[in-house]
Each structure stands twice: as structure tokens, then as C-alpha cells.
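So the sequence shown is residues 369 to 798, counted in this note's numbering.
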Amino acid sequence: MTATKPPLPSNSFCILPWMHIFADEKGVMYPCCRSVGSQLPNREATGQGRIYKIQDLDGIEEGWNSAYMRKLRQEMLVGERPLPCARCYMYEDLGMKSHRQSQNEQYVEQIDALVSRTSQDGRVPLELQSVDIRLGNLCNLRCRMCSPQSSKALIQEWADLHGVKATHPYFEELRQLDWFAQPAFWEIFEKYSTKIERLHFAGGEPLLIAPMFDFLERLIKLDRARNIMISYNTNLTVLPQRVFELWPHFRTVRITVSLDGFGDINSFIRYPSHWPTIDQNLKSLDREVDNLNCTGGLAFNTTVQIYNIFHLDKFIDYTADSFINFEAPNLSILSFPEHLSIRILPQEIKDQLSIKLKTFSQTRVEQWQEKWGKEQAETLAAAIDGIVEHMMSGDSQHLIPEFLRWCQHQDQFRKQNVLDVVAELAPLFK
Ligand code: SF4
369 MTATKPPLPS NSFCILPWMH IFADEKGVMY PCCRSVGSQL PNREATGQGR IYKIQDLDGI
429 EEGWNSAYMR KLRQEMLVGE RPLPCARCYM YEDLGMKSHR QSQNEQYVEQ IDALVSRTSQ
489 DGRVPLELQS VDIRLGNLCN LRCRMCSPQS SKALIQEWAD LHGVKATHPY FEELRQLDWF
549 AQPAFWEIFE KYSTKIERLH FAGGEPLLIA PMFDFLERLI KLDRARNIMI SYNTNLTVLP
609 QRVFELWPHF RTVRITVSLD GFGDINSFIR YPSHWPTIDQ NLKSLDREVD NLNCTGGLAF
669 NTTVQIYNIF HLDKFIDYTA DSFINFEAPN LSILSFPEHL SIRILPQEIK DQLSIKLKTF
729 SQTRVEQWQE KWGKEQAETL AAAIDGIVEH MMSGDSQHLI PEFLRWCQHQ DQFRKQNVLD
789 VVAELAPLFK
């Protein structure tokens, strides 16, 4: 007999605002990583007042039950859709699995107990189980869809495009993001991390950021490591020896590799990554899964955009054919920068892509079921359907000039030619 899942408090409910905090590259708090695109950070009052930062002495304490968080929880309890969480609801409306749904599934046993501690005004006790931190913006890549907030290596290219000096105060601030390495932040983190069971790192590139290793060492010394699952978003351009020493001390490790295509497509988007190195690191991870304690899972995240939509089939085939332990790729829809959205494509190209992707999905779904199991195969097929629907249901062709301006600037700066890699985009250049 299968156990029935307890019902959720509402159709818009998400467990994360009851047990999780997220901080972006500047330490600015949001309900979770998926709400960053809303550009509605956690603040004193809705749309105004102090913005809470995790590194501020009282940032976690005040931010946890801010007017913003209380309103968000109250809305979720009565089935309203809070604005910062629009991305999750958009995915669900497209028939795709949202982060909200995954997290609710993961913590289903705790939902009743956590919700029962909510007061009338939306306050809940501050007992963090899960923390997600962007460790600044040190990265070795300059991905086409990224920004200097996430990779300081992009500063010069962005300054040139916008016709400002790279020494502009906006960029200077982004050059010096190091709040997570300060002793004061350690004290804050240790105070609130006594019950955490999950710690997620992204960057920048977390496997290149020295304070990330300090985090791990301190947690091992504090004897908290064995209770904690650590997880990462990484570009996997490196797989440092230190992870072989440190990761086995933790309860488990989960790795999500950001990969946006196969071979040249990935190297073009995630410039200047070297495909043979990434391919080799992926295979090492797959092979060393037990030695590295990666029992929490190996995953891919792919941001579907104008540069990879034409070759998505080849990429998915690569993930299905090349690995034993990796899950089916998680496909995300690019929403920023908008000029890289698949919605800017002309209708005729969209029609061809729609047929191609649907046919691909139909011909592979059985193979995916054998490879990854029914649930993952169905999630992947639903993601492809959702991506097609998203592409077909909005027309952003007015952004083609902006796409050309950016693309040509980046091509020139990097000495690349987009048409050498994505020849299908030629009609946009005519
Ligand atoms: S609903 Fe989505 S965006 Fe909001 S907190 Fe949950 S997972 Fe994050």
C-alpha cells in the first residue's frame, strides 16, 4: 500500500519561506534562488525600506520575519501567488515542474509541523534548516547570458558596451564582493547554522573560491559536517583535489553542473570554457561518485536560450548516452537578459523548432524511461513541451536589434563569430 501524501495548505504554498534563506552575490536576501529574477528582494516593507543582507549583524534576525516575508507566507497559506515567486508559478502554468513543487516533495513530512508554528501575522520561529549562498562573483567564465554581478570577468566587456569606464563605482563595488570571507559573517553564520541540514553554494564559481573551502573546514571542525548535505551549482571547469579530502566528511554531497550545450555550443555560451576538460571532469565525477560522497545526486542545469535551442536534442542525447549516475537534465527557461530569449525568434523558425523538439521528445521518451525512470523521463518531456509553449506564446521580435547589438559586441570582443557555431541564426543577421 502506498502512503498518501498529506495535503498542502494551498495550491501556491511553498515550504522554503518556513525553513530556508538565500543570499545573492551581494548578500541580499530573497526567499530563494528562483525569486531573484523578480528583483523583489526581502525588505522592510513591500517595495520600500531597508533591503536585508545576510552579512548585516541583524540581517537574518530582522529579515526572517520582515513585513515582506510575513506577507509572502500569509499569501501562500491562502492560495495567493506572491509576486517574488512568479517564476515557479509560470513553470507550473506551462506544465513544467517548479522548484516549489520539488521542495514541497522533499520536505513533505515537515510541512504540517512547520506551518503549525505560524502566527496570525505570518511570523515563524527562526530555525534555519537550509541556507543557499552565492559566494561573490569570482568566476573564470564569461557566459553570454551572465552579468558582472555573477562574474567579475565580464566587467570590461560590459563597460565597453555601455560606453563607461571599467573603473565606474558600479563596477568597483562588484570587484570587491568579499562579505562571505569576513570574520563578522562567520560569527553570524555559526550562530544561525546550528540546525542546518542543507548548505548550497553557487557563485561565481564556488570550486574556485577559497572561502568555500574555509566554510567546509570550519563545519568539519565544529562537528556539524556529518549532519549537513552540501550542494553546488558549478561550471565544473575544475575539480580540485581538496574536494576529495573534504566532501566525505559531510552527510552527503549533491552537484548540479551548469551546462548549456554539447561541445562547441557550450564553449561558445560559457566562454572560454574548454569542452574536453569539462567532459573529462563530468566523467570523473560520474566514476568517482562514491569516493566523492556524491550520493545526494549528480545533475545538469541547462538555461534554454537562443544560442542552444537549435541543438538541445544533441545535448540531451549526450547526457543520456555518456553517464551512469547523472540524472536527466533540468531545463530552465532563460528570462534574463530578454534579448536572448527564444521568444525573439521569427515565427517561421519557431514553427520548425516546435516540430523538431516535439518529434525528438516523442522518439526518445521510452529510451529516457529506461535510462532515468518514468518520473524523470516525464519531467523532461514536460519541460520540452513547456519550453515550446513558452516560445510560441510570446513574440519578442522587437528585441532582435538588441540581440544583434549584444551579440556583435561580444563576438568582436571575444574574436568569435556566432554563425560558426549556430548557423541557424543567420536569418536574424540579414
Ligand atoms: S515558490 Fe518558488 S520562488 Fe517562491 S520560495 Fe518557493 S521555490 Fe522559491
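For each residue, glycine too, the CB sits at the ideal point set by N, CA and C.
Beta-carbon separation (whole angstroms), residue i vs residue j, contact threshold 8 Å
i           : j           : result
residue 568 : residue 594 : Their Cβ separation, rounded to whole angstroms, is 18 Å, which puts residue 568 and residue 594 out of contact at 8 Å.
residue 638 : residue 628 : 6 Å
residue 699 : residue 708 : Incorrect: roughly 15 Å between the Cβ atoms, too far for contact.
residue 447 : residue 380 : 5 Å
residue 429 : residue 494 : 7 Å
residue 570 : residue 603 : Not really, about 10 Å apart at Cβ, beyond 8 Å.
residue 796 : residue 772 : 7 Å
residue 694 : residue 667 : 7 Å
residue 714 : residue 776 : Residue 714 to residue 776, Cβ: 18 Å. No contact.
residue 468 : residue 382 : 4 Å
residue 728 : residue 681 : 4 Å
residue 528 : residue 781 : 7 Å
residue 733 : residue 751 : Contact flag wrong, Cβ pair sits at about 12 Å.
residue 427 : residue 397 : 7 Å
residue 553 : residue 423 : 5 Å
residue 332 : residue 614 : Since the first residue of the chain shown is 369 and the last is 798, residue 332 is not available in this structure.
residue 705 : residue 444 : Not a contact, Cβ separation roughly 29 Å.
residue 756 : residue 726 : 6 Å
8 Å Cβ cutoff met for residue i and residue j
i           : j           : result
residue 463 : residue 518 : no
residue 673 : residue 717 : no
residue 832 : residue 523 : Here the chain has residues from 369 to 798 only, and residue 832 is not among them.
residue 678 : residue 792 : yes
residue 587 : residue 596 : yes
residue 417 : residue 411 : yes
residue 560 : residue 496 : yes
residue 399 : residue 440 : yes
residue 625 : residue 664 : no
residue 564 : residue 391 : no
residue 386 : residue 532 : no
residue 504 : residue 577 : yes
residue 767 : residue 696 : no
residue 579 : residue 612 : no
residue 778 : residue 525 : yes
residue 794 : residue 735 : no
residue 650 : residue 660 : no
residue 645 : residue 670 : no
residue 466 : residue 388 : no
residue 510 : residue 438 : no
residue 633 : residue 675 : yes
residue 610 : residue 583 : no
residue 358 : residue 662 : The requested residue 358 is not part of the displayed model; the chain covers only 369 to 798.
residue 451 : residue 506 : no
Strand pairing of residue i, partner residues [DSSP]
i           : result
residue 601 : 624
residue 396 : 421
residue 416 : 413
residue 389 : 499
residue 581 : According to DSSP, which records beta bridges pairwise, residue 581 is partnered with nothing at all.
residue 694 : 666
Start and end residues, alpha helix (DSSP H) containing residue i
i           : result
residue 722 : 715-740
residue 778 : 768-782
residue 645 : 643-655
residue 431 : 427-432
residue 786 : 786-789
residue 637 : 632-637
residue 554 : 551-560
residue 454 : 454-461
residue 543 : 537-543
residue 443 : 435-445
residue 614 : 609-614
Residue i: first and last residue of the uninterrupted beta strand (DSSP E) it sits in
i           : result
residue 698 : 698-701
residue 799 : Shown here, the chain extends from 369 to 798; a query on residue 799 therefore has no answer.
residue 413 : 411-413
Residue i at chain C interface by Cβ criterion, 8 Å
i           : result
residue 620 : Reference to chain C is not applicable here, since this structure consists of a single protein chain.
In chain order, what are the residue ranges of uninterrupted alpha helix (DSSP H) at least 4 long that sit wholly in the segment 663-692?
680-690
Runs of alpha helix (DSSP H) lying entirely within the segment 464-529, each at least 4 residues, in chain order:
467-474, 479-483
Nearest-residue set for the ligand GDP, Cβ under 5 Å from any heavy atom:
Annotation note on the ligand GDP: not contained in the displayed structure, which lists the ligand SF4 as its ligands.
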